[in-house]
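Chemist: Structure below; questions to follow.
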Amino acid sequence: MNNEIFDEWNEIKKELDGSKQGYVKAGKIYWISIGRNIGTEIYGKGDKFLRPVLVVKAVFKKAFIGVPISPKTKNKSGFAYHKFTDTDGKEQVVLLTQIRLFDTKRVINARKGGITSEDFNAVKEKLRDFFR
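Quick note on full-length UniProt numbering: the sequence shown kicks off at 1 and runs consecutively.
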């Protein structure tokens with residue numbers, strides 16, 4: 001892995017730390033500056049290391065539990081994934097094993113193309129089953 005990528009992410013992280021807190025709502029999808037991570041941890045893309053994230057639950061004003069989303073649905077099935085068609089008609093997959101806590105400072109903006117309440121409820125049920 002190229003250390004320059006981690007250095008770039010570190011600079012973005014410093015900017016984010018000084019930014020205002022965002023606002024999120026459960027069941028909505030936001031572009032999150034998720035960062036550059038290691039190993040099998042999901043990471044963001046582009047100059048801001050962005051990835052769409054579904055908000056599962058707002059924990060408190062400054063943090064939420066979220067799961068990253070990917071448009072790459074091929075070979076993604078089973079307990080670790082939930083495929084859905086977003087409200088713009090695009091196939092997506094929720095990466096359930098990548099669930100984590102996010103600070104709202106990472107929120108860049110709302111993502112066009114949401115998730116239906118039926119799919120959101122299915123995601124929550126799969127997460128409950130996963131942690132049982």
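Just so you know, even glycine gets a beta-carbon here, dropped at the ideal spot from N, CA and C. What you are looking at is a predicted structure, and each value in this text was computed from that prediction instead of being measured.
By DSSP, does Lys57 sit in helix, in strand, or in coil?
Modeler: Strand at Lys57.
Chemist: Can you list, in chain order, the residues of its chain whose CB lies under 7 Å from that of Phe64, leaving out five sequence neighbours each side?
Modeler: Val24, Val55, Lys57, Ala58, Phe102, Thr104
Chemist: If you drop the 5 nearest sequence neighbours on each side, which residues of the same chain put their C-beta closer than 6 Å to that of Tyr43?
Modeler: Arg36, Asn37
Chemist: First and last residue of the alpha helix (DSSP H) that includes Ala122?
Modeler: Residues 117-130.
Chemist: Should Gly66 go down as buried or exposed, given a rule of 16 or more other Cβ atoms within 10 Å for buried?
Modeler: buried
Chemist: Between the C-alpha atoms of Leu127 and Ile29, what's the straight-line distance to the nearest angstrom?
Modeler: 17 Å
Chemist: Report the option in Lys14, Glu91, Tyr81 whose CA atom is closest to the CA atom of residue 138.
Modeler: As shown, the chain starts at 1 and ends at 132. That puts residue 138 outside it, with no answer to give.
Chemist: In the DSSP output, what is Asp86 paired with across the bridge?
Modeler: According to DSSP, Asp86 bridges with nothing at all.
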